[in-house]
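Below is one structure, written out as structure tokens, with a few remarks after it.
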Amino acid sequence: MSDIVISGYYGLGNSGDEALLRSIVDDLKKINPDITITALSGNASLTNKMYGIKTVNRFNPFSIIKEFRSAKLLLSGGGTLIQDATSTKSLLYYLGIIALAKKMGLKVMLYANGMGPLKEKNVSKVSRVLNKVDLITLRETVSLEEIKRCKIVTPEVLVTADPAFNLTLQDEHSADEIFAKYSVPKDSKIVAVSVRESKNLPRDFEEKMAHILDEISREGYLPIFIPMQISADLDISLRIASRMKEQSKVIDTQMQVGEMLALIAKCEIVCGMRLHMLIFASVMNVPMAGVAYDPKIKGFMEYMNQKTYVELEKFNEEEFKKIVFSCLRNSDMLRQELCEKSKPLREKARQNAQLAVELLSQK
């Protein structure tokens, strides 16, 4: 029996989503250490081992129904779950979980979600389900547009912040172990690179990115590719690295969230496509040059008041190179800006857990 069931993209090898679950569990436990939590996971035994909470297989309807019979609250998220860019099948899964929870009498909160993109054919489905939930918190303002588009008017909707803003660096020395494993010289000036596969990749994206990283390398920096999800990020990282004429490193193992934060803290800047790589950079006050493959990247960068990004479909080598070198030149100023911007976002991120606990206590 658990008080709260959490639904999201957990146990499936994505470091960003694992960071979300870590943050959500920690934030809830800080408010109420006795609260009991079950997570729906693609790898229940691994998630149980990593977070010390009860887990059930996210694809086993009988186990999910059993948990819902005794639970009081479903948290859907964090992450961008209500979208169909991945597939309509994915969208219907998360909507189905929400609908089932409401049918079985649970309160439901969308927890620091991103929303969209959504095809027009799916808008009515989203509207029908989400107008029955009890509370929605969003991680940035861009998602409000999808809320309005879907005519979601019944639940209260608040803009808070991504739970990952509450992550803290636990062991900075873990980065040294990773650097030693991959033969990274101790005095290296590191530029972290996070790339991923995308259907919107321009034909010459890999070649252009290799050119940019070569120029970075010639200026005395060492590019290190950090896959957030090995299955989706490693191959493209290796391909770009192979196109480079200068030296780079590719991390080819899945890192834990703490290791990733420790590594990013040692970097000069982050060049990132993955949302949570950019959020990790923000948490560590590391300047970031973003490549917006999805509206959520643009939304996050605008929310952080960082104009240091380009859109993937319009990727221009010279424009992105200027952004990267501007970040390197203005590192101290950008670090201070991120520090000031992140402080209130940490409080907003904590607000998600407070609202969840309050909702749990309501009759």
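Residue numbers (this note's numbering): 1302 to 1664.
C-beta: ideal position from N, C-alpha, C; glycine also.
DSSP places residue 1360 in the coil class of the three-state scheme, outside both helix and strand.
Residue 1380 has 1414 as its beta-bridge partners, per DSSP. Residue environment analysis places residue 1634 among the exposed positions, since fewer than 16 neighbouring C-beta atoms fall within 10 angstroms of its C-beta. Under a 10 Å Cβ-count criterion, residue 1593 is classified as buried, with 16 or more other Cβ atoms of the shown protein chains found around its own Cβ.
Segment contact: the segment 1531 to 1550 against the segment 1491 to 1509, three or more CB-CB distances shorter than 8 Å; contact assigned. In terms of Cα proximity to residue 1440, the closest of 1457, 1396 and 1414 is 1414. Relative to the Cα of residue 1383, the nearest Cα in the group 1583, 1650, 1451 and 1580 belongs to 1451. Per DSSP, residue 1303 lies in no beta strand (DSSP E) and is assigned neither H nor E. Residue environment for residue 1425: exposed (fewer than 16 other C-beta atoms within 10 angstroms of its C-beta). By DSSP's assignment, residue 1573 forms a beta bridge with 1495 and 1591.
Taking 8 Å as the upper bound for CB-CB distance, residue 1432 and residue 1453 are in contact here, some 6 Å apart. Taken atom to atom, the span from the alpha-carbon of residue 1336 to that of residue 1653 is near 15 Å. Taken atom to atom, the span from the alpha-carbon of residue 1310 to that of residue 1380 is near 8 Å. Between the C-alpha atoms of residue 1343 and residue 1378 there is a straight-line separation of about 15 Å. Secondary structure at residue 1339: strand, using DSSP grouped into helix, strand and coil. A Cβ-Cβ distance of about 10 Å is found for the pair residue 1587 and residue 1562, leaving them out of contact under the 8 Å criterion. Secondary structure at residue 1625: helix, using DSSP grouped into helix, strand and coil. Here residue 1467 really is in contact with residue 1650; their C-beta atoms are around 5 Å apart, less than 8 Å.
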